[in-house]
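Worksheet: the structure to be examined is printed underneath.
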Amino acid sequence: MKNSIWETTKTIIYAVLIALIIRTSAYEPFNIPSGSMIPTLLIGDYLFVSKYSYGYSRHSFPLSAGLFTGRLFFSSPQRGDVAVFKLPSDNKTDYIKRIIGLPGDRVQLKSGFLYLNDKRVKRKELEPFPMRNENGNFIAAKRYVE
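This is the structure:
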């Protein structure tokens, strides 16, 4: 009986350690809290985010401050990628957004139109996306490809 309890405890400890290592270095689950990515991602959707896509920094791992500087295994984000990040002023909220500007780009929104480096981005309207509003009624939401 004692041996069985010890084996079960070891199995649980190993499982927790493996889950923590995977969550810290490879993938992390996220829940979509808002409608800012509709229709690509819907409110309440779950997704796993790759934590190694853009490399690792000293902020990537718990208790690793000062172990190294810069980034390891770095690759640059591309326009159109979906990224998950926290604001320096709000370290609790996860933001899930599509990348439209790269380092050095000037991004502006003027009169409802997107400008990238002072050039208006071409926009093509697609068929409406049916979604529910705050009252639970279906509406036809506009959607575009930019």
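Residues in the sequence shown are numbered consecutively from 1399, following my numbering. Using N, Cα and C, we set each Cβ at its ideal position, and we do this for glycine too.
#1: Can you tell which of M1435, V1505, S1509, V1480 has the C-alpha that lies nearest to the C-alpha of K1517?
#2: Taking its Cβ as the centre, do 16 or more other Cβ atoms sit within 10 Å of I1494, making it buried, or is it exposed?
#3: At which residues does the alpha helix (DSSP H) containing V1414 begin and terminate?
#4: Reducing DSSP to helix, strand and coil, say where N1533 ends up.
#5: Helix, strand or coil: how does DSSP classify E1544 here?
#6: Excluding the 5 residues preceding and the 5 following L1524 in the sequence, name in chain order all residues of the same chain whose CB lies nearer than 7 Å to its CB.
#7: Would you call the CB atoms of S1432 and I1441 closer than 8 Å?
#8: K1520 by DSSP, collapsed to three states: which one?
#9: Given a cut-off of 8 Å, decide if F1536 and P1526 are closer than it, judged by their beta-carbon atoms.
#10: Can you grab the Cα-Cα spacing for the pair Y1444 / Y1450, in whole Å?
#11: Between which residues of its own chain and R1496 is the CB-CB distance below 6 Å, once the five residues before and five after are set aside?
#12: Pull up the DSSP beta-bridge partners for K1508, would you.
#13: Is R1521 closer than 8 Å to I1498 when the C-beta atoms are compared?
#14: What is the DSSP secondary structure of D1443, reduced to helix, strand or coil?
#15: May I ask you to report which of helix, strand or coil DSSP gives P1427?
Taking the definition as stated:
#1: Nearest C-alpha to K1517 among M1435, V1505, S1509, V1480: V1505.
#2: Counting Cβ neighbours within 10 Å, I1494 comes out buried, since at least 16 surround it.
#3: Where V1414 is concerned, the enclosing alpha helix (DSSP H) stretches over 1400 to 1423.
#4: Under the three-state reduction of DSSP output, N1533 falls in the coil class, being neither helix nor strand.
#5: DSSP places E1544 in the coil class of the three-state scheme, outside both helix and strand.
#6: Cβ neighbours of L1524 beyond the five flanking positions: R1541, Y1542, V1543.
#7: Yes.
#8: Coil at K1520, not helix or strand.
#9: When the beta-carbon positions are compared, P1526 and F1536 stay at least 8 Å from each other.
#10: When rounded, the separation of the alpha-carbon atoms in Y1444 and Y1450 is 19 Å.
#11: V1480, listed in sequence order.
#12: As computed with DSSP, K1508 is found in a beta bridge with F1511.
#13: 8 Å or more divides the Cβ of I1498 from the Cβ of R1521.
#14: Note: D1443 maps to coil in three-state DSSP.
#15: Secondary structure at P1427: strand, using DSSP grouped into helix, strand and coil.
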